[in-house]
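Chains as they are written, first to last, in this note's numbering: chain A, 3 to 198; chain B, 70 to 278.
The structure appears below as structure tokens.
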């Protein structure tokens, strides 16, 4: 897959995330659609907290799929990174792993079975450090959009607060990647992760 | 659970990936710095804690009122720093941008509060109003001081939004708050880079510590 096409075309991204096994079941569906750049599926009206642990598990597994993919992506992207950019890549990988570990723990705490990483991912081919940074940035934005879509659906305040702390971490990652790309690191007042 | 992921992409240097994986946990232990020494925490007398800025607020409208005040105070503090003559041109441009973001946050929150039938609190007017929320800006004597102040201020704002996520109810407010908290996180990253310290120190940005 050509990375320029991937970054340009929401339909390509949708196919990619489906192939990558991102959950599309109940809780994961909205995160999946948000990840593809579709309009939000979140109702605009007040939605009371769903006490169901099962619902939380499905949502958690949806974002866990994205974290697991991001971990694999950073490992792949590392092959195109050098010097200080490689150091940044290592740090962001370590933090994605921490996010995944926390989500796995949350799924297990809710009595669910955490999703596993796929054996392989068919990532777009990265031919340069620039490609690696652009792909990483797209995945960070994807994760931000998915978490923002998922956050209000969690039944417990603690889960919402944890999701917010991860969104903020991913936003910081995006800032660092933008800076490494020579772009404005804090371009917008509202970080939604949605890119056209 | 997630170790030993096989990578299908043939463009990757697998030996480097293996080394990368070996480094990962060591990296966590050693910490990471992009360069430069960390500025000592609170190198200036700093800040009433706004960690619990929203803690006494109950209900979405009350949380919004406090958030509006916090955003406006932050914008005002940046405005004061801009006029203080301590910032280099690049940092000045950054702080101007951040002030614009804070104002945009405040405007969005005022709209949200109005939609709920609330009335926005009176805007802060000057240093005395800033001092009610955060202290230390008047003691800054260098760009490093201003950056340290701003980092602690943004950290406190992140903490307030983090706590608010456990309390807010309405879906769109939660999502707006999350997008603002993400923005404050980017501010932190930018300010830390300007100060020469690690821009992404923690995997969970809660505003704690």
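Backbone N, C-alpha and C fix where the C-beta goes; we use that ideal spot for every residue, glycine too.
Just the chain A side, please: which residues come within less than 7 Å of residue i by C-beta, in chain order?
{"i": "residue 275(B)", "result": "167"}
{"i": "residue 243(B)", "result": "153, 154 and 162"}
{"i": "residue 130(B)", "result": "What residue 130(B) touches in chain A: nothing, since even the nearest Cβ is about 13 Å away."}
{"i": "residue 146(B)", "result": "Near residue 146(B) there are no residues of chain A at all, since even the closest Cβ is about 17 Å away, more than 7 Å."}
{"i": "residue 175(B)", "result": "Within 7 Å Cβ-Cβ: nothing; residue 175(B) doesn't reach chain A, min ~10 Å."}
Can you confirm whether residue i, when its beta carbon is compared against all beta carbons of chain B, has any partner nearer than 9 Å?
{"i": "residue 187(A)", "result": "yes"}
{"i": "residue 132(A)", "result": "no"}
{"i": "residue 171(A)", "result": "yes"}
{"i": "residue 162(A)", "result": "yes"}
{"i": "residue 159(A)", "result": "yes"}
{"i": "residue 138(A)", "result": "no"}
{"i": "residue 108(A)", "result": "no"}
{"i": "residue 28(A)", "result": "Here the model assigns residue 28(A) a pLDDT of 39, short of 50, so the residue's position is not dependable, and the following value carries that caveat. It does not; no Cβ of chain B falls within 9 Å."}
{"i": "residue 61(A)", "result": "no"}
{"i": "residue 151(A)", "result": "yes"}
{"i": "residue 112(A)", "result": "no"}
{"i": "residue 181(A)", "result": "yes"}
{"i": "residue 57(A)", "result": "no"}
Ordered along the chain, which non-local residues of its own chain (more than five positions away) have a Cβ less than 8 Å from that of residue i?
{"i": "residue 170(B)", "result": "252 and 256"}
{"i": "residue 91(A)", "result": "76, 79, 80, 83, 134 and 138"}
{"i": "residue 150(B)", "result": "156, 164, 206, 209, 215, 218 and 219"}
{"i": "residue 87(B)", "result": "In this prediction, residue 87(B) has a pLDDT of 47, which is less than 50 and means its spatial position is unreliable; what the coordinates show is noted afterwards. The answer is none, since no qualifying residue turns up."}
{"i": "residue 49(A)", "result": "With a pLDDT of 42 at residue 49(A), under the threshold of 50, the predicted position of this residue should be treated as unreliable, and no value is reported."}
{"i": "residue 153(B)", "result": "209 and 215"}
Are any of the Cβ atoms in chain A nearer than 9 Å to that of residue i?
{"i": "residue 151(B)", "result": "no"}
{"i": "residue 220(B)", "result": "no"}
{"i": "residue 192(B)", "result": "no"}
{"i": "residue 165(B)", "result": "no"}
{"i": "residue 232(B)", "result": "yes"}
{"i": "residue 259(B)", "result": "yes"}
{"i": "residue 212(B)", "result": "no"}
{"i": "residue 142(B)", "result": "no"}
{"i": "residue 237(B)", "result": "yes"}
{"i": "residue 202(B)", "result": "no"}
{"i": "residue 180(B)", "result": "no"}
{"i": "residue 186(B)", "result": "no"}
{"i": "residue 264(B)", "result": "no"}
{"i": "residue 169(B)", "result": "yes"}
{"i": "residue 90(B)", "result": "Per-residue confidence for residue 90(B) stands at a pLDDT of 42, beneath the threshold of 50, marking its modelled position as unreliable; the derived number appears in the next sentence. So yes, residue 90(B) belongs to the interface."}
Is the shortest distance between the beta-carbon of residue i and the beta-carbons of chain D less than 9 Å?
{"i": "residue 189(B)", "result": "In summary, chain D is missing from the structure at hand, where the protein chains are A and B."}
Closer than 6 Å by C-beta to residue i: which residues in its own chain qualify, once you throw out the five before and the five after it? Chain order, please.
{"i": "residue 103(A)", "result": "none"}
{"i": "residue 46(A)", "result": "For residue 46(A), the pLDDT reaches just 39, beneath the cut-off of 50, and the residue's location in the model is therefore unreliable, although a value from the coordinates is still provided. So no residue of the chain qualifies."}
{"i": "residue 276(B)", "result": "224, 227, 228 and 231"}
{"i": "residue 187(B)", "result": "130"}
{"i": "residue 142(B)", "result": "193, 199 and 202"}
{"i": "residue 95(A)", "result": "76"}
{"i": "residue 174(B)", "result": "140 and 249"}
{"i": "residue 180(A)", "result": "187"}
{"i": "residue 268(B)", "result": "258, 261 and 262"}
Run down chain A in chain order and give the residues with a C-beta less than 8 Å from the C-beta of residue i.
{"i": "residue 137(B)", "result": "Residues of chain A passing the Cβ test: none, with the nearest at roughly 15 Å."}
{"i": "residue 227(B)", "result": "170"}
{"i": "residue 216(B)", "result": "Per Cβ cutoff of 8 Å: no residues; residue 216(B) is ~15 Å from chain A at best."}
What residues of chain B sit near residue i, judged by a beta carbon separation below 7 Å?
{"i": "residue 100(A)", "result": "272"}
{"i": "residue 193(A)", "result": "248, 251, 252 and 255"}
Under the three-state reduction of DSSP, which class applies to residue i: helix, strand or coil?
{"i": "residue 129(A)", "result": "coil"}
{"i": "residue 81(A)", "result": "helix"}
{"i": "residue 185(A)", "result": "coil"}
{"i": "residue 195(B)", "result": "coil"}
{"i": "residue 271(B)", "result": "coil"}
{"i": "residue 266(B)", "result": "coil"}
{"i": "residue 43(A)", "result": "Note that residue 43(A) scores 43 on pLDDT, short of 50, meaning its location in the model is unreliable and no value can be drawn from it."}
{"i": "residue 248(B)", "result": "helix"}
{"i": "residue 133(B)", "result": "helix"}
{"i": "residue 59(A)", "result": "helix"}
{"i": "residue 173(B)", "result": "helix"}
{"i": "residue 196(A)", "result": "coil"}
{"i": "residue 188(B)", "result": "coil"}
{"i": "residue 119(A)", "result": "coil"}
{"i": "residue 143(B)", "result": "helix"}
{"i": "residue 190(A)", "result": "coil"}
{"i": "residue 253(B)", "result": "helix"}
{"i": "residue 226(B)", "result": "helix"}
{"i": "residue 203(B)", "result": "coil"}
{"i": "residue 137(A)", "result": "helix"}
{"i": "residue 277(B)", "result": "coil"}
{"i": "residue 238(B)", "result": "coil"}
Among the residues of its own chain, which have a CB less than 7 Å from the CB of residue i, if the five just before and after it don't count?
{"i": "residue 143(A)", "result": "176, 195 and 197"}
{"i": "residue 263(B)", "result": "160, 163 and 216"}
{"i": "residue 246(B)", "result": "230, 233, 234 and 237"}
{"i": "residue 137(B)", "result": "175, 178, 179, 182, 189 and 190"}
{"i": "residue 182(A)", "result": "87, 90 and 135"}
List, in chain order, every chain B residue whose beta-carbon is nearer than 8 Å to that of residue i.
{"i": "residue 5(A)", "result": "Under the 8 Å cutoff, chain B gives no residues; its nearest Cβ is about 10 Å from residue 5(A)."}
Could you name the residues of chain A that residue i contacts, counting a contact when the two beta carbons are closer than 9 Å?
{"i": "residue 269(B)", "result": "90, 93, 94, 97, 171, 174, 175, 177 and 178"}
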